[in-house]
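These notes concern the structure reproduced below.
Numbering (this note's numbering), first residue to last: 14 to 497.
See the structure below:
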């Protein structure tokens with residue numbers, strides 16, 4: 014989905030209405046229908062099965078979207094509005110009428126399990142600190158969310174109180190679990206720090222509104238799955254992509270295992286894992302039988318010929334002396350896409366390694382700071398600063414992972430806080446390597462890899478009954494389903 018400032022989509026909507034092709038009320042009904050369709054598939058919402066919907070409504074059309082969505086759920090509704098329904102906009106009044114068959118109350122709701130809380134107070138055009146009664150209702154909403162287990166707060170288009178263009182929060186603001194963005198993503202939702210207010214991005218397409226083709230960036234949606242080419246019926250293992258992986262050391266055998274098995278799950282035809290002799294017995298005993306594990310006396314013996322992608326770094330540990338130079342030479346000999354992750358990134362930062370141009374770097378924020386020797390600025394600024402002197406694709410991990418080659422800028426929209434544990438990066442590195450080996454360009458492999466791992470995590474989280482955390486190997490188990 015494209016990223017555009019609020020003014021751009023407002024102008025496009027006005028042009029649509031001026032052309033007479035549809036009315037504001039008709040467009041709202043279309044949005045409500047798409048919200049309902051998306052809500053039925055959104056993992057966070059699927060997990061709660063709402064017992065009650067609580068709508069926080071303002072006077073504008075955001076309230077109409079929220080009320081229309083609430084009417085689709087077959088459960089009681091609590092309406093907390095800044096005004097009497099008669100003061101709603103005409104479009105919102107039409108949606109409010111759909112609640113006629115529901116049990117509707119207006120009293121402040123009690124905290125309870127299984128609430129769906131919908132923020133329809135203010136739209137994306139609102140700026141500045143909230144005034145009353147909006148500020149009080151936002152504080153009430155946040156308190157209700159905090160005290161209601163296994164509940165979900167859904168913001169319509171933008172969390173109330175967050176500046177949709179800048180990401181600034183000048184006062185009280187809704188803390189949403191999911192934000193349903195309509196038509197396009199607004200840049201403020203992607204700003205550093207905004208993720209704790211925005212939560213997951215649920216992209217609601219609105220092709221009726223003609224937006225400019227040029228965009229400052231993109232948010233990955235299911236459309237990126239189309240990048241992976243369909244396999245010919247005559248495909249065999251040597252045509253499905255061969256990945257060489259340099260990973261693992263004593264104490265870090267799990268990183269190598271997760272990386273290699275992720276590459277296999279993501280469709281690589283052959284996966285070869287290279288490790289030092291001292292760790293070979295441990296890895297050979299742990300790895301899936303389909304993984305080829307090769308011991309080497311020195312990393313100088315790691316071959317790069319015959320591979321369609323190379324992954325270097327997960328769990329190799331802190332190397333010294335000749336092995337640092339040997340591993341660097343492996344990188345310099347590489348002429349295929351190269352994923353550099355984890356300890357590989359730390360070595361590159363510590364020793365100032367020259368890197369080949371087809372590199373895909375996958376740092377977390379701490380590794381990014383080391384690569385920049387302590388650079389500051391926003392996450393986008395850090396990424397662009399690094400790319401000024403390094404020709405590569407950079408995937409900067411985070412709650413809203415960003416991927417860029419200096420020309421295109423992408424943000425990932427999948428996954429969640431249940432992935433906040435060890436091993437997820439190793440799985441991601443292996444997945445990206447497998448996608449690159451199957452013919453995707455470096456940027457496409459990184460974008461699709463991040464999307465697929467997050468989507469597999471969502472599936473694993475749902476299948477496990479929505480636990481607080483899921484293991485990285487649970488993500489591997491569902492990668493094939495996502496990419497199939």
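For each residue, glycine too, the CB sits at the ideal point set by N, CA and C.
{"query": "Residue 119 vs residue 93 beta-carbon contact at 9 angstroms", "result": "yes"}
{"query": "Residues near residue 464 in its chain [Cβ-Cβ closer than 7 angstroms; skip 5 each side]", "result": "233, 237, 425, 427"}
{"query": "Euclidean distance between Cα positions of residue 160 and residue 68", "result": "17 angstroms"}
{"query": "Those residues which DSSP pairs with residue 225 across a bridge", "result": "BP columns for residue 225 are empty, so no partner."}
{"query": "Minimum C-alpha distance to residue 257 - residue among 272, 437, 43, 338", "result": "272"}
{"query": "Segment limits, alpha helix (DSSP H) that includes residue 19", "result": "19 to 31"}
{"query": "Where residue 74 sits in the DSSP three-state scheme", "result": "helix"}
{"query": "Minimum C-alpha distance to residue 149 - residue among 281, 174, 217", "result": "174"}
{"query": "Under 9 angstroms between C-beta atoms of residue 106 and residue 60", "result": "no"}
{"query": "Test item: CB-CB of residue 218 and residue 260 under 9 angstroms", "result": "no"}
{"query": "When 440, 222, 455 are compared against residue 241, the one with the closest alpha-carbon", "result": "455"}
{"query": "Ordered list of beta strand (DSSP E) runs contained in the segment 236 to 289, each at least 3 residues", "result": "255 to 259, 283 to 289"}
{"query": "Contact check, residue 57 vs residue 81, beta carbons under 9 angstroms", "result": "no"}
{"query": "Coarse secondary structure for residue 88, derived from DSSP in three states", "result": "coil"}
{"query": "Contact between the segment 351 to 370 and the segment 287 to 298 (3+ Cβ pairs under 8 angstroms)", "result": "no"}
{"query": "Buried/exposed call for residue 287, threshold 16 Cβ in 10 Å", "result": "buried"}
{"query": "For residue 112, the residue or residues it bridges with in DSSP", "result": "DSSP lists no partner for residue 112."}
{"query": "Segment limits, alpha helix (DSSP H) that includes residue 381", "result": "378 to 384"}
{"query": "Local conformation of residue 37 per DSSP, three classes", "result": "helix"}
{"query": "Residue range of the unbroken alpha helix (DSSP H) whose run includes residue 441", "result": "437 to 450"}
{"query": "Distance between residue 30 and residue 37 (C-alpha atoms, nearest Å)", "result": "7 angstroms"}
{"query": "Collapsed DSSP secondary structure at residue 166 in the structure displayed", "result": "strand"}
{"query": "Cβ neighbour criterion (16 or more within 10 Å) applied to residue 254", "result": "buried"}
{"query": "Where residue 322 sits in the DSSP three-state scheme", "result": "strand"}
{"query": "Per-residue DSSP class, three states only, for residue 175", "result": "coil"}
{"query": "Nearest candidate by alpha-carbon position, reference residue 231, set 449, 375, 493, 416", "result": "416"}
{"query": "beta-carbon residue 277 near the ligand GDP non-hydrogen atom, thresh 8 angstroms", "result": "Absence of the ligand GDP is noted for the structure shown, with no ligands found whatsoever."}
{"query": "Reduced DSSP secondary structure (H/G/I, E/B, other) of residue 49", "result": "helix"}
{"query": "Reduced DSSP secondary structure (H/G/I, E/B, other) of residue 431", "result": "helix"}
{"query": "Three-state secondary structure assigned by DSSP to residue 194", "result": "strand"}
{"query": "Reference residue 151, options 341, 227, 185, closest by Cα", "result": "185"}
{"query": "Beta-carbon separation (whole angstroms), residue 460 vs residue 275, contact threshold 8 angstroms", "result": "Contact doesn't hold; Cβ gap of about 16 angstroms is too wide."}
{"query": "Straight-line gap, residue 117 to residue 208 (C-alpha atoms, nearest Å)", "result": "32 angstroms"}
{"query": "Helix, strand or coil at residue 403 according to DSSP, with G and I counted as helix", "result": "coil"}
{"query": "Cβ-Cβ distance between residue 95 and residue 65 below 9 angstroms", "result": "no"}
{"query": "Residue range of the unbroken beta strand (DSSP E) whose run includes residue 308", "result": "305 to 309"}
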